[in-house]
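K.L.:
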Amino acid sequence: MNRLRQSLINSLFPALLVLVCITVVHFFAEPFQVRVAYVFFMNLTIAIGLQIFMGNTGIVSFGHISFMGIGSYAVAILTIPLAMKRILIPDAPFGLAYVHLSIFPACVVAIAFTVLIATLFGFVLKRLTGNAAEILTLALLVITHVVFIAWIDLFRGPRALYGIPIVSTLYWAGAAAIVAIVIAKAFRDSEGGLQLRASSENLLAARAMGVPVEKLRFRAWILSSGVVAMGGILHATFLGTVGPNSYYFDQTFLIMAMVILGGMRSVSGAIIGTALVAAGSELARTLENGPVIFGEKLPTMFGLTGFFLGAVIVLSMILRRDGIMGDDEFEDVFHRWMRRRKEENSGKPSAVSTSSAS
Amino acid sequence: MEYFLQQVINALSVGSEYALLALGLAIVFSIIGLVNFAHGELITLAGYMMFFAAATFVHNPLFLLPIGVAGAVLGAIVFERVAFRSIRNASANTGILTAFGVSIIMQNAFVIFIATRPKAVQTPEWLSSVMTIGTFSLPVLQVVETLVTAVAIGILLIVLKRTTIGMAMRAAAKDFTAVRLMGIKANMVIQAAFVVSGFLAGLAAVFIISRRGAIDPFMGSVPVLKAFVACVLGGFGSLEGAVLGGFALGIFEVLLQAFLPDDITPFRDAIVFTAICAVLVGFPDGLLGRRVELGDKEA
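Sequence order for the protein chains is A and B.
Everything in the first sequence is counted per numbering that gives the first Met the number 0, starting at 0 for the first residue and increasing by one.
Everything in the second sequence is counted per numbering that gives the first Met the number 0, starting at 0 for the first residue and increasing by one.
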């Protein structure tokens with residue numbers, strides 16, 4: 000309980016950052032900036048969801064965006080008005096053409112359904128180790144994409160489903176991001192989270208200490224799928240339309256770059272990474288369209304955003320493998336800074352204490 | 000009968016394509032533990048080399064084929080030099096993510112500097128013709144692809160078993176330190192692995208391009224995805240496993256394509272991957288993978 004309280008306290012600072020961000024946007028932003036902020040919080044939720052799995056287990060997952068897709072499509076199918084559904088997907092199986100839920104039950108069902116799918120897939124995943132598991136997550140991404148495209152009766156295939164009530168606002172997105180941060184922090188600091196992180200550093204030693212690695216990996220997988228589904232719901236209920244290509248490689252690249260740049264082992268890292276990559280790709284998108292700078296029309300360069308994301312991933316891998324934050328959370332940085340200040344003030348920074356501190 | 004034979008040769012040729020790619024992945028993986036996501040971009044690179052060669056100085060489509068293969072080999076060497084050498088001793092995750100990033104960079108570089116639209120590449124006409132043996136008519140491309148793959152795997156076996164560098168590569172898969180202690184340069188072994196994987200990817204690329212008739216920046220990602228899955232199915236890092244996995248995947252795909260009812264065919268890839276997941280529940284280390292105990296020196 001004590002540990003949980005500590006992680007709640009530690010979540011205060013990132014949560015406060017989110018609140019400040021919302022306040023600033025609320026009072027000063029133009030409508031298009033509100034959109035940018037919304038997408039930022041949505042991606043933050045998803046990035047933190049991915050961090051819960053990747054950061055604690057040390058297994059790279061390319062498959063989490065499929066949970067975003069499943070959550071989105073589930074909420075879309077449940078909330079599109081019946082009249083609209085008769086036009087879009089009249090032949091939906093399981094009588095889904097005649098089911099309509101209001102938004103909150105729909106969200107609950109969507110998350111529950113995503114978690115169910117994740118559970119089924121988790122039984123396969125937890126049996127594999129290392130690179131085979133990572134490739135399998137990639138297979139998950141492909142499977143869901145193929146099903147979205149091929150199951151025309153239910154998902155309308157490659158064409159978009161539209162008519163989802165647009166009920167989400169910036170505040171919901173911010174709330175979701177805060178919930179995601181609290182969940183991620185609490186899991187990271189929990190006994191299981193600590194054991195899991197230990198197992199990602201030395202599997203043999205962790206097993207020898209009796210850490211139930213498979214069970215914990217499974218738990219992280221389930222938890223992260225739910226958080227990512229939340230991000231998917233944010234996506235569907237803001238745009239009012241869902242299509243299969245929003246939940247495929249492009250989105251995977253984006254979220255991956257965010258988590259890696261910040262440092263996948265830390266929640267704070269995911270936050271910093273999301274902010275930097277969001278800013279960078281916004282800039283790249285502007286350049287992509289060939290803006291006019293000092294009266295010079297720059298050429299359009301499609302693909303610049305993707306190029307930027309790839310460069311972020313490769314450069315962070317070559318120059319700073321653990322990302323910007325490494326293993327540290329904001330509070331670790333803060334404590335270290337405090338300690339250094341205290342030592343400087345006391346005027347006798349002993350060599351022993353500094354070396355043990357670092 | 001003819002339909003059956005055509006499906007068999009079709010299955011073998013698709014299987015060959017996956018086996019060539021999977022083998023290239025497995026060779027690199029077995030030596031430096033790198034899951035080379037950028038393998039698919041070698042195919043794309045081969046395609047654009049052929050395209051530019053055709054546009055500038057090569058007029059006989061036959062000569063485009065070796066140019067494609069050379070392009071893939073060159074690409075593999077450059078990837079190793081520029082990106083993978085600097086992360087050589089890092090963890091497996093670093094490798095997979097770097098390769099992932101390289102793949103994204105390459106795809107988007109093609110988009111930026113060339114175009115998103117598919118470009119036509121001409122390959123020799125006899126490749127896409129149909130030959131008649133006795134009473135059967137078979138597509139030349141698929142027969143040639145199967146034969147070339149068989150020959151390539153044969154040559155690879157000879158190289159691995161009979162030459163010094165081949166032996167060094169096999170030894171490096173077991174214990175790299177010992178190989179270096181025997182006085183063999185690490186760089187040479189690794190580069191050889193990349194050359195071999197590039198060569199195999201180049202062969203696959205030539206056939207893929209002949210079949211499609213056109214190239215685009217993202218053409219490499221789907222075949223290489225299948226090759227990854229083939230590797231996992233066969234047991235990651237096992238060369239025999241890669242070949243077996245590749246053929247199994249190809250044959251299974253063609254079977255599904257031939258026998259599934261039309262309204263289920265669009266789900267083919269999902270069915271294939273789900274089936275492979277089911278197989279992996281029974282064989283978590285792949286069909287030919289060895290169960291490695293943690294802390295095993297041979298791992």
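We treat Cβ as the ideally placed atom computed from N, Cα and C, and that holds for glycine.
Taking 9 angstroms as the CB-CB cut-off, is B/R179 touching chain A?
P.N.:
Counting from 1 along the second sequence, the entry for residue 179 of chain B is found at position 180. No, no contact with chain A.
K.L.:
So with Cβ pairs under 9 angstroms, would you call B/L41 a contact of chain A?
P.N.:
Counted from its first residue, the second sequence places residue 41 of chain B at position 42. No, its Cβ sits nowhere closer than 9 angstroms to a Cβ of chain A.
K.L.:
Looking at the structure shown, is B/L4 part of a helix, part of a strand, or coil, going by DSSP?
P.N.:
Along the second sequence, one-based indexing puts residue 4 of chain B at 5. Correct three-state label for B/L4: helix.
K.L.:
Quick one: complete alpha helix (DSSP H) runs, 4+ long, within the stretch 79 to 119 of chain B?
P.N.:
91 to 112
K.L.:
Using a Cβ-Cβ cut-off of less than 7 angstroms, give me the residues of the stretch 202 to 228 of chain B that come near chain A, in sequence order.
P.N.:
L224, F227, V228
K.L.:
Is there contact between the stretch 57 to 65 of chain A and the stretch 122 to 141 of chain A, where contact requires at least three CB pairs shorter than 8 angstroms?
P.N.:
yes
K.L.:
For a contact defined as C-beta to C-beta under 7 angstroms, what are the partners of A/E213 on chain B?
P.N.:
Working through the first sequence from its first residue, we reach residue 213 of chain A at position 214. The premise fails here: A/E213 is roughly 11 angstroms from chain B at the closest Cβ pair, so nothing lies under 7 angstroms.
K.L.:
Which of the residues in the stretch 248 to 271 of chain B, read from start to end, lie with their CB under 7 angstroms from any CB of chain A?
P.N.:
P265, F266, D268, A269
K.L.:
So if I threshold CB-CB distances at 7 angstroms, which residues from the stretch 84 to 98 of chain B count as touching chain A?
P.N.:
Answer in chain order: S85, I86, A89, A91, N92, T93, I95, L96, T97.
K.L.:
Do B/A241 and B/L11 have their C-beta atoms within less than 9 angstroms of each other?
P.N.:
Start at 1 with the first residue of the second sequence, and residue 241 of chain B comes out as number 242. Start at 1 with the first residue of the second sequence, and residue 11 of chain B comes out as number 12. It is not a contact, given that the beta carbons lie outside the stated cut-off.
K.L.:
Is the stretch 173 to 185 of chain B close to the stretch 230 to 250 of chain B, with three or more CB pairs under 8 angstroms?
P.N.:
No, because fewer than three Cβ pairs between the stretch 173 to 185 of chain B and the stretch 230 to 250 of chain B fall closer than 8 angstroms, the two stretches do not touch.
K.L.:
Run through chain A and tell me which residues come within less than 8 angstroms of B/L279, C-beta to C-beta.
P.N.:
On the second sequence, residue 279 of chain B is found 280 positions in, with the first residue counted as 1. Here the neighbours are V123, R126, L127, A131, L135.
K.L.:
Less than 8 angstroms between C-beta atoms, sequence neighbours within five positions excluded: which residues of the same chain meet that for A/E133?
P.N.:
As a first step, residue 133 of chain A must be located in the first sequence, where it is residue number 134. So the list reads I58, V59, S60, F61, once near-sequence residues are dropped.
K.L.:
On a CA-only basis, which of A/E342, A/T44, A/F31, A/I21 is nearest A/I180? Give me that one, please.
P.N.:
In the first sequence, the residue the question calls residue 180 of chain A occupies position 181. Nearest C-alpha to A/I180: A/T44.
K.L.:
Does the distance from the C-beta atom of B/M168 to that of B/A185 stay below 9 angstroms?
P.N.:
By one-based count along the second sequence, residue 168 of chain B stands at place 169. By one-based count along the second sequence, residue 185 of chain B stands at place 186. Cβ atoms of B/M168 and B/A185: not closer than 9 angstroms.
K.L.:
How long is the line joining the alpha carbons of A/G305 and B/N107, rounded to whole angstroms?
P.N.:
As a position in the first sequence, residue 305 of chain A is number 306, starting the count at 1. As a position in the second sequence, residue 107 of chain B is number 108, starting the count at 1. Those two C-alpha atoms are separated by around 6 angstroms.
K.L.:
For A/W220, is the classification buried or exposed, using 16 other Cβ atoms within 10 angstroms of its Cβ as the cut-off for buried?
P.N.:
Position 221 of the first sequence, counting from 1, holds the residue named residue 220 of chain A. Per the 10 Å Cβ criterion, buried.
K.L.:
Using a 10 Å radius around the Cβ and a threshold of 16 neighbouring Cβ atoms, would you call B/N88 buried or exposed?
P.N.:
Locating residue 88 of chain B in the second sequence gives position 89, counting from the first residue. Looking at its Cβ environment, which holds fewer than 16 other Cβ atoms inside 10 Å, B/N88 is exposed.
K.L.:
Assuming contact is defined by CB atoms lying nearer than 9 angstroms, are A/H234 and A/V226 in contact in what I supplied?
P.N.:
Numbered from 1 along the first sequence, position 235 holds the residue referred to as residue 234 of chain A. Numbered from 1 along the first sequence, position 227 holds the residue referred to as residue 226 of chain A. The answer is no: Cβ separation not under 9 angstroms.
K.L.:
Does the count of Cβ pairs from the stretch 297 to 316 of chain A and the stretch 94 to 103 of chain B closer than 8 angstroms reach three?
P.N.:
yes
K.L.:
Would a check of beta-carbon distances place B/V101 closer than 9 angstroms to chain A?
P.N.:
Sequence index remark: in the second sequence, residue 101 of chain B carries index 102 (1-based). Yes, B/V101 counts as interfacial toward chain A.
K.L.:
Helix, strand or coil: which one does DSSP assign to B/F193?
P.N.:
To locate residue 193 of chain B, count along the second sequence from 1; it is residue 194. Note: B/F193 maps to helix in three-state DSSP.
K.L.:
What are the start and end residues of the alpha helix (DSSP H) that includes A/S198?
P.N.:
For the purposes of this step, residue 198 of chain A is identified with residue 199 of the first sequence, where counting begins at 1. Per DSSP, A/S198 belongs to the alpha helix (DSSP H) from 190 to 200.
K.L.:
CA-CA distance, A/A28 and A/L160?
P.N.:
Taking the first sequence and counting its residues from 1, the one referred to as residue 28 of chain A is at position 29. Taking the first sequence and counting its residues from 1, the one referred to as residue 160 of chain A is at position 161. The alpha-carbon atoms of A/A28 and A/L160 are separated by roughly 30 angstroms.
K.L.:
Comparing the C-beta of B/F28 with each C-beta of chain A, is any distance below 9 angstroms?
P.N.:
Along the second sequence, read from residue 1 onward, the residue named residue 28 of chain B stands at position 29. Yes, contact with chain A.
K.L.:
Nearest to B/I113 by CA position, among B/S102, B/D215, B/V57, B/A54, is which residue?
P.N.:
Stepping through the second sequence from its first residue, residue 113 of chain B is reached at position 114. Selected option, being the one with the closest Cα: B/D215.
K.L.:
List, in order along the chain, the chain B residues whose C-beta lies closer than 7 angstroms to that of A/F252?
P.N.:
Within the first sequence, residue 252 of chain A is the residue found at index 253, counting from 1. What A/F252 touches in chain B: I103.
K.L.:
Can you check whether the C-beta of A/I292 is within less than 9 angstroms of a C-beta belonging to chain B?
P.N.:
By one-based count along the first sequence, residue 292 of chain A stands at place 293. It does not: the Cβ of A/I292 has no partner Cβ on chain B nearer than 9 angstroms.
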